[in-house]
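Number of protein chains: 2
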Amino acid sequence: MSLPHALLGLLAVRPRSGYELTKEFEGYLGRYAWQAGHTSIYPELGKLAVRGLVEVTHEGPRGSRTYAVTPAGREELRAWLTAPPSRSGKVRNEEVLRMFLLSALDPPDALSVLRRIADEAAAGLADLRAVREVTGPPVPGPEGFGILAAEFGLRQYEAVHGWALWAIEQLEQHAEPAGSEAPAES
Amino acid sequence: MSLPHALLGLLAVRPRSGYELTKEFEGYLGRYAWQAGHTSIYPELGKLAVRGLVEVTHEGPRGSRTYAVTPAGREELRAWLTAPPSRSGKVRNEEVLRMFLLSALDPPDALSVLRRIADEAAAGLADLRAVREVTGPPVPGPEGFGILAAEFGLRQYEAVHGWALWAIEQLEQHAEPAGSEAPAES
DNA sequence: AACCAACATGTCAACTATGACATGTTGAGG
DNA sequence: CCTCAACATGTCATAGTTGACATGTTGGTT
């Protein structure tokens with residue numbers, strides 16, 4: 001599983017508490033890459049600590065513990081990130097599954113779903129473009145690297161949007177419009 | 001969870017045996033949308049049958065059973081596919097996670113991973129383009145609807161490829177070359 | 001006639017993830 | 001000083017997933 005690697009990755013950028021990590025998973029990371037709730041994060045941090053890949057560097061106010069990666073953890077992370085094409089990477093995406101199964105709907109239903117998808121992609125796109133405005137041009141400093149991820153999301157949305165529009169066109173062409181009766185076919 | 005819906009969706013297109021369904025998950029469906037092995041598929045088919053969403057329509061040679069969706073199953077599938085924006089769709093993608101965590105690597109390592117990603121996307125792209133050649137122009141008949149999914153994959157690869165190239169450029173610009181290599185730029 | 005790859009299904013233990021429930025702390029604002 | 005939202009962590013039962021193991025059939029080739 002990849003949760004430990006996700007945690008190592010986040011901690012490698014900057015030490016954090018379990019709580020902060022949990023917040024991280026509520027954002028883009030959890031939305032596009034990997035989901036996790038605090039009920040899996042806290043125990044996993046414990047396991048990583050036992051394995052010596054992370055360590056508690058600070059204890060704060062509300063019983064909070066700040067974790068940081070150890071050299072061994074950094075090595076483990078690097079190994080995972082640079083690993084070979086990785087056979088069987090885990091994939092599980094409900095939205096994409098819907099897209100794959102769209103063919104099981106009759107054209108009118110499929111069209112309405114596609115329109116919804118197109119709208120959502122457009123909205124996500126606008127959202128990320130706004131973010132880009134704020135953060136300005138991409139200047140990946142030692143810290144502000146999330147830009148790579150943001151750009152990825154942006155291009156992803158563009159692709160989905162374009163695809164949905166294309167698919168709508170295809171369907172409209174082949175499933176003749178219901179409009180004011182024009183059965184047309186034989 | 002979505003496995004039952006994936007099965008309903010596949011069976012809605014055409015009745016199949018558990019074995020055939022398993023094969024389906026080894027292709028693009030499993031690679032991009034939803035993974036599942038036969039050890040989860042067979043039991044799930046049993047549960048769906050009990051719930052009256054699918055039924056065995058034929059028993060073949062090697063103890064094979066062909067399943068088909070019932071009207072109730074079709075209704076369930078339709079409900080799921082046309083369902084609201086679905087707030088908490090499950091997402092879990094190891095490759096995308098890698099991309100999100102790339103920032104944790106130092107530039108040389110990140111670059112080599114990005115190059116690998118770009119190459120793989122290019123390969124996938126070529127693969128799908130070849131498929132498109134064979135199947136000819138998109139003519140979604142009652143059966144050949146997988147084209148929507150193929151086009152989706154194609155655009156997905158394009159997006160990943162473009163992103164990787166962009167990211168490489170960004171990194172090369174900001175992380176000044178170390179070696180005796182001519183920096184060239186500026 | 002023997003062999004084998006592909007067909008076809010299954011069990012089960014171990015592991016992972018999720019949602020419901022639980023508990024206590026701190027700081028800011030009224 | 002009281003209250004409450006956000007901070008911060010945890011348990012536990014249930015449910016879902018995976019990999020290892022297991023078994024038998026059929027059709028084509030040698």
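Going down the list, the sequences are from chains A and B. Each step along the first sequence adds one to the number in the UniProt record's numbering, with nothing skipped, and position 122 is 122. Each step along the second sequence adds one to the number in the UniProt record's numbering, with nothing skipped, and position 14 is 14. Don't be surprised by glycine CBs; every beta carbon is placed ideally from N, CA and C. Please read all numbers here as calculations on a predicted model, not as lab measurements.
Next item on the list: Would you kindly report the start and end of the unbroken alpha helix (DSSP H) that includes A/L68?
Entry: Walking along the first sequence from the start, residue 68 of chain A turns up at place 68. The amino acid occupying residue 68 of chain A in the given sequence is Ala; Leu does not appear at that position. It is not in any alpha helix (DSSP H) - A/A68 instead sits in the beta strand (DSSP E) that spans 65-69.
Item checked: Beta-carbon separation (whole angstroms), B/Q35 vs A/R92, contact threshold 8 Å -> The count along the second sequence starts at 1 and reaches residue 35 of chain B at position 35. The count along the first sequence starts at 1 and reaches residue 92 of chain A at position 92. About 6 Å separates the beta carbons of B/Q35 and A/R92, which is inside the 8 Å limit, making them a contact pair.
Check: Got a sec: is the Cβ-Cβ distance from A/T66 to anything in chain B below 7 Å?
Finding: Residue mapping note: residue 66 of chain A aligns to position 66 of the first sequence, counting from 1. Answer no: the Cβ-Cβ gap between A/T66 and chain B never drops below 7 Å.
Next item on the list: Starting from A/F100, find everything on chain B with Cβ-Cβ shorter than 7 Å and list it in chain order.
Entry: Locating residue 100 of chain A in the first sequence gives position 100, counting from the first residue. Contact note: A/F100 reaches chain B through L29, A33, A149, using a C-beta cutoff of 7 Å and chain order.
Notebook entry, point to check: So is B/P140 in contact with chain A if we call contact Cβ pairs under 7 Å?
Noted result: Position 140 of the second sequence, counted from the start, is the residue given in the question as residue 140 of chain B. Reliability of the predicted coordinates at B/P140 is poor, the pLDDT of 46 falling under 50, and the value obtained from them is presented with this limitation in mind. It does; some Cβ of chain A falls within 7 Å.
Notebook entry, point to check: In three-state DSSP terms, what is B/R14?
Noted result: Locating residue 14 of chain B in the second sequence gives position 14, counting from the first residue. Here B/R14 sits in coil by DSSP.
Margin query: Does B/T82 come out as helix, strand or coil in the three-state DSSP assignment?
Written below: Along the second sequence, read from residue 1 onward, the residue named residue 82 of chain B stands at position 82. Residue state, collapsed to three classes: coil.
Next item on the list: With 7 Å as the threshold, decide whether the Cβ of A/R92 is near any Cβ in chain B.
Entry: On the first sequence, position 92 is the one that residue 92 of chain A refers to. Yes, because at least one Cβ of chain B sits closer than 7 Å to the Cβ of A/R92.
Next item on the list: Please check the pair B/G146 and A/S103, which I expect to be a contact at CB under 8 Å, by giving their CB distance rounded to whole angstroms.
Entry: Translated into the one-based positions of the second sequence, residue 146 of chain B becomes position 146. Translated into the one-based positions of the first sequence, residue 103 of chain A becomes position 103. That belief holds up - the Cβ atoms of B/G146 and A/S103 are roughly 7 Å apart, short of 8 Å.
Note to self: With H, G and I counted as helix, E and B as strand and the rest as coil, what does DSSP make of A/R98?
What the structure shows: Position 98 of the first sequence holds residue 98 of chain A. A/R98 falls in the helix class under three-state DSSP.
Item checked: Residue interval of the beta strand (DSSP E) (run including A/R92) -> The sequence position of residue 92 of chain A within the first sequence is 92, counting from 1. Segment 91-93, the beta strand (DSSP E) holding A/R92.
Next item on the list: Look at the alpha carbon of A/P15 and the alpha carbon of A/L53, and state the distance between them as a whole number of angstroms.
Entry: Locating residue 15 of chain A in the first sequence gives position 15, counting from the first residue. Locating residue 53 of chain A in the first sequence gives position 53, counting from the first residue. If you take the alpha carbons of A/P15 and A/L53, they lie about 13 Å apart.
Next item on the list: Taking B/Q35 as part of the alpha helix (DSSP H), name the residues at either end of that continuous run.
Entry: Translated into the one-based positions of the second sequence, residue 35 of chain B becomes position 35. Unbroken run through B/Q35: none, as it is neither H nor E.
Check: Can you list, in chain order, the residues of its chain whose CB lies under 6 Å from that of A/A121, leaving out five sequence neighbours each side?
Finding: Taking the first sequence and counting its residues from 1, the one referred to as residue 121 of chain A is at position 121. Y157, V160, H161.
Checklist line | Buried or exposed (CB count within 10 angstroms, at least 16 for buried), B/A130 | finding: Start at 1 with the first residue of the second sequence, and residue 130 of chain B comes out as number 130. It counts as exposed.
Notebook entry, point to check: Per DSSP, A/H58 is paired with what?
Noted result: Walking along the first sequence from the start, residue 58 of chain A turns up at place 58. A/T66, per the DSSP bridge assignment.
Margin query: In whole angstroms, give me the CA-to-CA distance for A/A167 and B/Y19.
Written below: Looking up residue 167 of chain A in the first sequence gives position 167. Looking up residue 19 of chain B in the second sequence gives position 19. Rounded to the nearest angstrom, the two C-alpha atoms are 30 Å apart.
Next item on the list: Mind listing the chain A neighbours of B/R155? Cutoff is C-beta to C-beta under 7 Å, in chain order.
Entry: Working through the second sequence from its first residue, we reach residue 155 of chain B at position 155. A159, G162, W163, listed in chain order.
Next item on the list: Please name the residues in the segment 9-22 of chain A whose beta-carbon is closer than 8 Å to at least one beta-carbon of chain B, in chain order.
Entry: Within the segment 9-22 of chain A, the qualifying residues are G9, L10, A12, V13.
Note to self: Output needed for A/L114: all residues of its chain with C-beta closer than 8 Å, excluding positions within five of it in sequence on either side, in chain order.
What the structure shows: Locating residue 114 of chain A in the first sequence gives position 114, counting from the first residue. So the list reads L102, A164, A167, I168, L171, once near-sequence residues are dropped.
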